[in-house]
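In what follows, a structure is listed as structure tokens, so that the remarks can point back to it.
Residue numbers (my numbering): 8 to 204.
As structure tokens, this is what we get:
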């Protein structure tokens, strides 16, 4: 079952958890959130602290609703690498209708966070987002350890992406931000190979 909500931030994770069912038979749940928390923040400490508070609140409630289950924390992806990979990428080219690059998606057609595109053009995006994403993922790893100590009935796993992951344009949808079906399959394969059980 998919309880994800487009454009949601970690502050809405508890609401998503509450939509789920109580279960004692053993389930595996995947938590993949945090990318939307990055915009428009530039304050690493505030963002990561609130991210941890939101996640912890939701996970403690999830723990009361499940038994014999595993919660898998998928890392916040390197958004700056997405922008670096897709900068200048042409996703549509037609003589009559025109030519559209990812910059058109980022700034006009699907303007999720136009600042990201501007920072990428200025060479600042990795310097702003890189440390913040690393800090958020460190908090997720700590939270998994904390929950494993706290819980007596469930397991918590933080799955680190292999360092060798290559970002490819076909992994992303037309908005040049969210993953395409190919990208989702790729991440699913990475998770499967990480021996979650």
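No residue lacks a Cβ here, since even glycine has one placed at the ideal position from N, Cα and C.
Query - Residue interval of the beta strand (DSSP E) (run including residue 35) - result: 35-38
Requested in this report: Answer with buried or exposed for residue 55, where buried requires no fewer than 16 other C-beta atoms within 10 angstroms of its C-beta.
Outcome: buried
Query raised in the report: residue 190 lies in the alpha helix (DSSP H); which residues open and close that run?
Result: 188-199
Requested in this report: Alpha carbon to alpha carbon, how far is residue 201 from residue 123? Give it in angstroms, no decimals.
Outcome: 31 Å
Query raised in the report: Taking the C-alpha atoms as reference points, what is the distance between residue 96 and residue 163?
Result: 38 Å
Report task. Can you tell me which of the three DSSP states residue 145 falls into? Result -> helix
Query raised in the report: Would you say residue 68 and residue 21 are within 8 Å of each other, going by their C-beta atoms?
Result: yes
**Report entry** Contacts around residue 17, its chain only, beta-carbon distance under 7 Å, and the 5 residues preceding and following it disregarded
**Finding:** 40, 41, 44, 58, 61 and 62
Report task. Can you grab the Cα-Cα spacing for the pair residue 31 / residue 38, in whole Å? Result -> 19 Å
Requested in this report: Please go through the same chain and pick out, in chain order, the residues whose beta-carbon is closer than 7 Å to the beta-carbon of residue 93, but skip the five residues on each side of it.
Outcome: 109, 176, 179 and 183
Query raised in the report: Taking buried to mean at least 16 other C-beta atoms within 10 Å of its own C-beta, is residue 127 buried or exposed?
Result: buried
Query - Start and end residues, alpha helix (DSSP H) containing residue 4 - result: The first residue shown for the chain is 8 and the last is 204, placing residue 4 beyond what the model contains.
Query - Per DSSP, cross-strand counterpart(s) of residue 108 - result: 97
Query raised in the report: Hey, how far is the Cα of residue 8 from the Cα of residue 75?
Result: 18 Å
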